[in-house]
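Peer 1: Protein chains in written order, with my numbering: chain A, 1 to 223; chain B, 1001 to 1156. No residue lacks a Cβ here, since even glycine has one placed at the ideal position from N, Cα and C.
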Amino acid sequence: MRTKYEDWMDRQHVSPSLHDKLMNLEQPTKGRGVPLRSLGALAAVLAVVVGLWWFRLNRQFPDVRSAGAGAALSEEAAVMEAPAQAENGSVTTAGTAAAPESSAYDEAAEDLEVEKPAQEAAVEEAAAEDDSEELRIDYVGNAPGVVRIALALDYPDGWVYDHVELQTDTPPYGLDIYLSGGTAQDEDAFTVCAERCLSLIGNLGVVRFIDAETGTVLAQQSK
Amino acid sequence: MSGKKDSDFEALLLRQENRIYRTALAMLGNVQDAEDQTQETFLKYLEKRPVFQNTAHETAWMLTVTRNGCISRLRLKERQNLPLEVDIPTPGPEEREEIEELFRLPAEDREVIHLHYYEGYSTEEIAKLTGSKPATVRSRLSRARGKLRVLMEVDS
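1. How about Gly40(A): is its C-beta nearer than 8 Å to some C-beta of chain B?
2. Determine whether the beta carbon atoms of Ile210(A) and Leu175(A) lie at a separation below 8 Å.
3. Spatial neighbours of Ala1034(B) within its chain, please: C-beta separation below 7 Å, excluding the five flanking residues on both sides.
4. Could you check whether the Cβ of Gln1037(B) sits closer than 8 Å to any Cβ belonging to chain A?
5. Are the beta-carbon atoms belonging to Gln1039(B) and Leu22(A) less than 8 Å from one another?
6. So what does DSSP say about Glu26(A), is it helix, strand or coil?
7. In angstroms, rounded to a whole number, what distance separates the CA positions of Arg1138(B) and Val1065(B)?
8. Which runs of the alpha helix (DSSP H) fall wholly inside the stretch 1035-1106 of chain B and span at least 4 residues, in chain order?
9. Pick out whichever of Val1031(B), Glu1010(B), Asn1030(B) has its Cα sitting closest to the Cα of Leu25(A).
10. Where does Gly145(A) sit, in a helix, a strand or coil, going by DSSP?
11. Name the residue from Ser199(A), Glu6(A), Ser15(A) whose alpha carbon lies nearest to the alpha carbon of Ile137(A).
12. For Ala150(A), tell me which candidate among Asp157(A), Glu165(A), Gly158(A) has the shortest Cα-Cα distance.
13. Identify the contact partners of Tyr985(B) in chain A, using a Cβ-Cβ distance below 7 Å as the criterion.
14. What's the gap between the Cα of Lys1133(B) and the Cα of Pro171(A)?
15. According to the Cβ coordinates, are Asp965(B) and Arg1143(B) closer than 8 Å?
16. Does the beta carbon of Lys223(A) sit closer than 8 Å to a beta carbon anywhere in chain B?
17. Assuming contact is defined by CB atoms lying nearer than 8 Å, are Glu187(A) and Ala219(A) in contact in what I supplied?
18. Using CA coordinates, which residue listed in Arg1104(B), Leu1013(B), Tyr1045(B), Ala1135(B) is at the minimum distance from Glu1124(B)?
19. What distance in whole Å lies between the Cβ atoms of Gln27(A) and Leu1014(B), which are believed to be in contact at a cut-off of 8 Å?
20. Rank Arg1104(B), Phe1042(B), Leu1141(B), Leu1105(B) by C-alpha distance to the C-alpha of Tyr1118(B) and give the top, closest one.
21. For Tyr139(A), which residues of its own chain have a beta-carbon under 7 Å away from its beta-carbon, when the five flanking residues on both sides are left out?
22. Taking only beta-carbon atoms, is Val14(A) less than 8 Å away from chain B?
23. Please check the pair Thr214(A) and Lys1048(B), which I expect to be a contact at CB under 8 Å, by giving their CB distance rounded to whole angstroms.
24. What is the C-beta distance between Arg1019(B) and Thr1059(B), in whole angstroms, given that I count them as a contact (C-beta under 8 Å)?
25. Residues of chain B with a CB under 8 Å from the CB of His19(A): which are they?
26. For the ligand SAH, is there any heavy atom lying closer than 7 Å to the beta carbon of Arg148(A)?
27. Taking the C-alpha atoms as reference points, what is the distance between Phe190(A) and Val217(A)?
28. List the residues of chain A that Lys1147(B) touches, going by C-beta distances under 7 Å, in chain order.
29. Should His1057(B) go down as buried or exposed, given a rule of 16 or more other Cβ atoms within 10 Å for buried?
30. Does the beta carbon of Phe1042(B) come closer than 8 Å to any beta carbon on chain A?
31. With the cut-off set at 8 Å, would you say Ser180(A) and Val160(A) are in Cβ contact?
32. Going along the chain, which residues of its own chain have a beta-carbon closer than 8 Å to the beta-carbon of Asp1008(B), five neighbours each way excluded?
33. Considering only residues of the same chain and omitting the five flanking positions on each side of Leu135(A), which have a CB-CB separation below 8 Å?
34. Does DSSP classify Thr3(A) as helix, strand or coil?
35. Checking contacts by CB at 8 Å: is Glu213(A) closer than that to chain B?
36. Counting only Cβ pairs nearer than 8 Å, list the residues of chain A close to Leu1046(B).
Below is the structure:
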């Protein structure tokens, strides 16, 4: 037994001309998407290469300094020693003063060098924490705050931010983050983004990541 | 290889074209717009080439893409202050009045009516498909049943 609505809808068909058009549809040219992906892959490879080169350079640098060519570090060590020397009433230049105590200065310089990456990492971590504190908001209804957070998340697999939709009628309050440009649908890869989102927005109950083009839910997580 | 792809696409077309067209028609109320959206949906399929686990998954994907496309079109018309042009063939005067009443309802209500009464989805399934709450879906259906008694009557 069918309703009148069903009977009426049964009578609506794709016309023969539309069917022909659909049969002759061609796969869209990949020119639109491929260049971006290629550029992204190229940028990633370049970043890895530059990073490796920088890492290698840092590791090589102490060897170069200890060979005597790196006067800069010796000068730094000398500057550190300068207040003590000034108290003693003697001022020495980096070159001459470094000669008798060069091994101690070099050791100090190497220590400095070893500490530097750890310090830089700590500074970056602190900066990142500061960033989180700046982003943190109490209410999912704070639309500009929500957008800032959505823009700051590090999405996997080539996905980038498109837009957000807020679900603020009744709890649990929800946030839909629409993404574009990616292809993979790995739920686990979105876990970090979801957890960060839920921790930064006070009354957020559930977050979903959605493909902006197809509407497919890529991942969903609740508090 | 291209021969196999064509036959796969043709099989998909035969399974889904009327479903997609009818869903677009229900939401957009206009034959031309529904035809355009139907093409868009299948173009999206050709672009993404998703791999489906089963026919139900395929149908849900196609309907979701269609739904999102229809909503985009409706929002664009709203932003441009263009009226919704209802242009659907209706045979009898009794049906005509109800069909016009149907298209006075918001697109979200028409969508829910179509998915439930025609596609046979439960309220929970519709809620999942549309990202709404089940209670919202139920209230939309209840409102539609009140306004469209003749259309929703079971034919004896």
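Peer 2: Considering the structure as presented:
1. no
2. no
3. Tyr1021, Ala1024, Leu1025, Leu1028
4. no
5. yes
6. coil
7. 23 Å
8. 1055-1079, 1093-1102
9. Glu1010(B)
10. helix
11. Ser199(A)
12. Glu165(A)
13. An answer regarding residue 985(B) cannot be provided, because it is not within the stretch 1001 to 1156 covered by chain B.
14. 11 Å
15. One cannot answer for residue 965(B) here, as it falls past the ends of chain B, which runs 1001 to 1156.
16. no
17. yes
18. Ala1135(B)
19. Going by Cβ atoms, the distance from Leu1014(B) to Gln27(A) rounds to 19 Å, so no, they are not a contact pair.
20. Leu1141(B)
21. Gly202, Asn203
22. yes
23. 6 Å
24. 7 Å
25. Leu1013, Glu1017
26. With respect to small molecules bound, the structure shown includes none, and the ligand SAH cannot be examined in it.
27. 11 Å
28. Per Cβ cutoff of 7 Å: no residues; Lys1147(B) is ~12 Å from chain A at best.
29. exposed
30. yes
31. yes
32. none
33. Gly145, Arg148, Ile149, Ala152, Leu200
34. strand
35. yes
36. Leu25, Glu26, Gln27, Pro28
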